[in-house]
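> Line order of the protein sequences matches chains A and B. One point on numbering: in the working numbering, the residue at position 111 of the first sequence is 100, and numbering is uninterrupted. If you want the working numbering, it's the 1-based position in the second sequence plus 641. Even for Gly, the Cβ is constructed at its ideal location relative to N, Cα and C.
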Amino acid sequence: QKEVEQNSGPLSVPEGAIASLNCTYSDRVSQSFFWYRQYSGKSPELIMSIYSNGDKEDGRFTAQLNKASQYVSLLIRDSQPSDSATYLCAVNIRNAGNMLTFGGGTRLMVKP
Amino acid sequence: GAVVSQHPSRVICKSGTSVKIECRSLDFQATTMFWYRQFPKQSLMLMATSNEGSKATYEQGVEKDKFLINHASLTLSTLTVTSAHPEDSSFYICSARPQTAYEQYFGPGTRLTVT
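(1) So residue 756 of chain B and residue 656 of chain B are in contact, right, with Cβ under 8 Å, and what is the actual spacing, rounded?
(2) Using a Cβ-Cβ cut-off of less than 7 Å, give me the residues of the segment 723 to 751 of chain B that come near chain A, in sequence order.
(3) For a contact defined as C-beta to C-beta under 8 Å, what are the partners of residue 81 of chain A on chain B?
(4) Name the two residues that bound the continuous beta strand (DSSP E) containing residue 739 of chain B.
(5) Identify the continuous beta strand (DSSP E) that holds residue 709 of chain B and give its terminal residues.
(6) To which residues of the same chain is residue 665 of chain B closer than 6 Å at the C-beta, ignoring the five residues directly before and after it?
(7) Would you say residue 93 of chain A reaches chain B, if we count a Cβ-Cβ gap shorter than 8 Å as a contact?
(8) Can you round the beta-carbon distance between residue 6 of chain A and residue 68 of chain A to whole angstroms, since I take them to be within the 8 Å contact cut?
(9) Since residue 32 of chain A and residue 749 of chain B are thought to touch, with beta carbons under 8 Å apart, how far apart are those beta carbons, to the nearest angstrom?
(10) Can you give me the Cβ contacts of residue 83 of chain A inside the same chain, cut-off strictly under 8 Å, excluding the 5 residues immediately before and after it?
(11) Mapping DSSP to helix, strand and coil, what is residue 71 of chain A?
(12) Find out if the Cβ-Cβ distance for the pair residue 738 of chain B, residue 697 of chain B is shorter than 8 Å.
(13) Keeping to the same chain, check which residues put their C-beta closer than 6 Å to that of residue 8 of chain A; ignore five residues upstream and five downstream.
(14) Taking C-alpha atoms, which residue in A:57, A:37, A:42, A:55 lies nearest to residue 48 of chain A?
(15) At a Cβ threshold of 8 Å, is residue 685 of chain B touching chain A?
(16) Can you list, in chain order, the residues of the segment 49 to 62 of chain A whose Cβ is nearer than 9 Å to any Cβ on chain B?
(17) Indicate, with yes or no, if the ligand ATP has a heavy atom lying under 7 Å from the CB of residue 22 of chain A.
(18) Out of A:-8, A:-10, A:-4, A:-9, point me to the one whose CA is closest to residue 75 of chain A's CA.
(19) Looking at chain B, is there any beta carbon in it that lies within less than 8 Å of the beta carbon of residue 35 of chain A?
(20) Taking the CB atoms as reference points, tell me whether residue 747 of chain B and residue 731 of chain B lie closer together than 8 Å.
(21) What three-state label does DSSP hand residue 728 of chain B in the structure shown?
(22) Using a 10 Å radius around the Cβ and a threshold of 16 neighbouring Cβ atoms, would you call residue 712 of chain B buried or exposed?
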């Protein structure tokens, strides 16, 4: 089992819909969770962080964390074509010296 | 805040030559910096983790004598690709972690083409 897993996609949603991106992780004691966005040909950009169970909202983005289920998700409301990118989930993993471990990323395509 | 710069953004070199890439954290101190490589349409691949003042830790399969990493200060790390070959052509991205945080901030990347 990979330490941080994401469905590679592509996840295709129509413009204006809610995009739901999911991530599971293996380390029960992980404390810090991040979502990065990577446009094609560019480097990743940090867009959300979450540390406690529940929801955290920032504009059109909502991060959701469920530590009991070892599951973190990112919801993008009113999806726009400019949201089309690869979204990377990152989790601090104890076995990796508490460094961030990245999932393989989910490619999101928002169709006009 | 939390800006990481990388230089150069793009480099073309001949096979057999060496290329140095610089990574700087501009507005924070980074005890730890990371070097990644990414081939087209593939995931980020961690190459090595470098801590200021000590030797880098390389991931399995990454040749430490080919990819020389120096982290001489809390704001600067360099990656030197020695005796470059066409198969080293890739997108090299650094990231830096602030001293009291888990998150990493990425540089804009360096696209290396070896002819």
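Straight from the coordinates:
(1) 7 Å
(2) 734, 743, 744, 745, 746, 747, 748, 749, 750
(3) 743
(4) 731 to 739
(5) 708 to 714
(6) 646, 716, 717
(7) yes
(8) 5 Å
(9) 5 Å
(10) 16, 18, 19
(11) helix
(12) no
(13) 2, 65, 68, 97
(14) A:37
(15) yes
(16) none
(17) Ligands are entirely absent from the displayed structure, and the ligand ATP is therefore not among its contents.
(18) A:-4
(19) yes
(20) no
(21) helix
(22) buried
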